[in-house]
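**Student:**
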Amino acid sequence: MIASTEITAMVGVYFWPFIRISAMLMAAPMFGARNIIFSAHRLGLALLLTIMVSPLLGSMPLLDPLSSQGLVLIFNQFLIGFAMGFILQMAMGALSMAGQSIAMTMGLGFAQSVDPVTGVSVPVIGKFYLVIGTLLFFMLNGHLMAIQILVESFTLIPIGEKGLTNSGFMTLILWGTQMYVGSLLIALPCMVSITLINIAFGVMTRSAPQMNIFAVGFPTTLFAGVIIVMLTLPGLLPRFTDILMQAFVTMHKVLVI
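Dropping the structure here:
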């Protein structure tokens with residue numbers, strides 16, 4: 024007859040890593056978005072990664088998951104995985120915010136669609152940048168780097184030890200400011216160009232008051248904005264690559280400090 028401690032040990036080998044892995048996949052936009060991967064597939068991916076990673080880990084703590092210590096351990100593992108996925112979420116949020124800023128500047132703020140990641144309506148330019156960023160993420164093998172850091176996290180913070188430190192939480196909070204900086208760097212060329220066009224129309228209106236600025240200015244700004252977005256797309260790759268590399272560095276830093 025198998026003792027309860029042996030059952031707890033056998034279940035813990037896969038249960039504790041599964042909590043951290045599933046939390047990371049749930050929070051990361053590339054794995055958690057409904058338009059990229061379904062919930063059942065995400066669960067299957069988490070189980071597959073757990074089966075592959077578990078033999079590489081050391082001994083698991085012999086804790087009942089329903090005990091007070093077990094619940095604390097579940098919370099810590101979920102928090103570690105969620106923090107890693109949240110960092111990637113903020114990196115992609117920089118693209119979405121840049122697209123929203125550009126859309127507002129060029130007069131397309133009213134053209135919105137539902138973002139499957141957040142479930143809220145965002146301008147189509149923001150959704151366009153988000154799709155481009157997702158394609159670039161997989162093109163740069165970002166999914167493989169994210170999984171690599173996830174596996175390394177079990178060495179940096181083994182299961183059973185304390186969770187994230189106060190310094191790790193501060194690093195996570197400070198990373199949120201990078202979303203605004205990154206979105207500004209991406210959107211700045213388009214916003215400055217469109218603002219100059221609007222200033223030019225303002226000067227023209229002062230010199231020719233009879234001109235209907237609404238009939239001429241809006242379609243011109245819209246057309247010029249689309250052209251400027253297309254012209255600035257090649258510069259999106261190096262900027263997004265820098266943001267993504269900073270995200271991976273931050274993921275590693277949150278785990279080690």
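Numbering (my numbering), first residue to last: 24 to 280. Every residue, glycine too, gets a C-beta built ideally from N, C-alpha and C.
1) Say whether chain C places a C-beta atom closer than 8 Å to the C-beta of L70.
2) Take the Cβ of G81 as the centre, count every other Cβ of all protein chains shown within 10 Å, and call the residue buried at 16 or more, exposed below.
3) Please report the distance separating the alpha-carbon of T73 from that of I220.
4) Suppose contacts are defined by Cβ-Cβ distances below 8 Å. Is I110 in contact with G186 by that definition?
5) Drop a sphere of 10 angstroms on the beta-carbon of P52, count the other beta-carbons inside from all chains shown, and report buried for 16 or more, exposed for fewer.
6) Given I280, which residues of its chain have a CB within under 7 Å of its CB, disregarding the five upstream and five downstream residues?
7) Any chance the segment 79-97 sits against the segment 142-156, with 3 or more Cβ pairs inside 8 Å?
8) Between G183, V249, D265, L96, which lies nearest to M214 when the distance is taken from Cα to Cα?
9) Nearest to L118 by alpha carbon, out of I180, S230, I266?
10) Determine the extent of the alpha helix (DSSP H) in which N99 is found, giving its start and end residues.
11) Is G81 helix, strand or coil by DSSP?
12) Measuring straight from C-alpha to C-alpha, what distance separates A247 and M268?
13) N235 lies in the alpha helix (DSSP H); which residues open and close that run?
14) Any idea if A238 is buried or exposed, counting beta-carbon neighbours within 10 angstroms, 16 or more meaning buried?
15) Which of helix, strand or coil does DSSP assign to I217?
16) Would you mind giving the Cβ-Cβ distance between V204 and V76, rounded to the nearest angstrom? I have them listed as a contact below 8 Å.
17) Classify L131 as buried or exposed, calling it buried when 16 or more other Cβ atoms lie within 10 Å of its own Cβ.
18) Would you decide whether L153 is buried or exposed? Buried here means 16 or more other CB atoms lie within 10 Å of its CB.
19) Measuring alpha carbon to alpha carbon, tell me which of A32, F105, L79 ends up nearest I44.
20) Can you give the beta carbon distance from M120 to M202, rounded, assuming they're within the 8 Å contact cut?
21) Can you tell me whether P88 is helix, strand or coil according to DSSP?
22) Whole angstroms are fine: how far does the CA of P40 sit from the CA of L158?
23) Assign I222 to one of three DSSP states: helix, strand, or coil.
24) Give the secondary structure of I280 by DSSP, where H, G and I count as helix, E and B as strand, and everything else as coil.
25) Between the beta-carbon of A50 and the beta-carbon of G108, is there less than 8 Å?
**Tutor:** Straight from the coordinates:
1) Judged by its chain identifiers, the structure shown contains no chain C, having just a single protein chain.
2) It counts as exposed.
3) So the two alpha carbons sit approximately 54 Å from each other.
4) No, they are not a contact pair.
5) Under this definition P52 is a buried residue.
6) Excluding residues within five positions, the ones whose Cβ falls inside 7 Å are T188, S190, G191, T194.
7) The segment 79-97 vs the segment 142-156: no contact.
8) Restricting attention to G183, V249, D265, L96, the CA atom closest to the CA of M214 is found in V249.
9) Checked all of I180, S230, I266; the closest Cα to L118 is I266.
10) That run of the alpha helix (DSSP H) goes 91-129.
11) The answer is coil: DSSP assigns G81 none of H, G, I, E or B.
12) Each residue's Cα considered, the two are about 32 Å apart.
13) Counting along the chain, N235 falls outside any alpha helix (DSSP H), and DSSP gives it neither H nor E.
14) Counting every other CB atom within 10 Å of its CB across the protein chains shown gives A238 a total below 16, marking it as exposed.
15) In the structure shown, I217 sits in a helix (DSSP, three-state: H, G or I).
16) Contact flag wrong, Cβ pair sits at about 34 Å.
17) Answer is buried; the Cβ neighbour count reaches 16.
18) Answer is buried; the Cβ neighbour count reaches 16.
19) A check of alpha carbon separations from I44 across A32, F105, L79 identifies F105 as the nearest.
20) Correct: roughly 7 Å between the Cβ atoms.
21) Here P88 carries a coil assignment [DSSP, helix/strand/coil].
22) Rounded to the nearest angstrom, the two C-alpha atoms are 28 Å apart.
23) Here I222 sits in helix by DSSP.
24) Coil at I280, not helix or strand.
25) It is a contact, given that the beta carbons lie within the stated cut-off.
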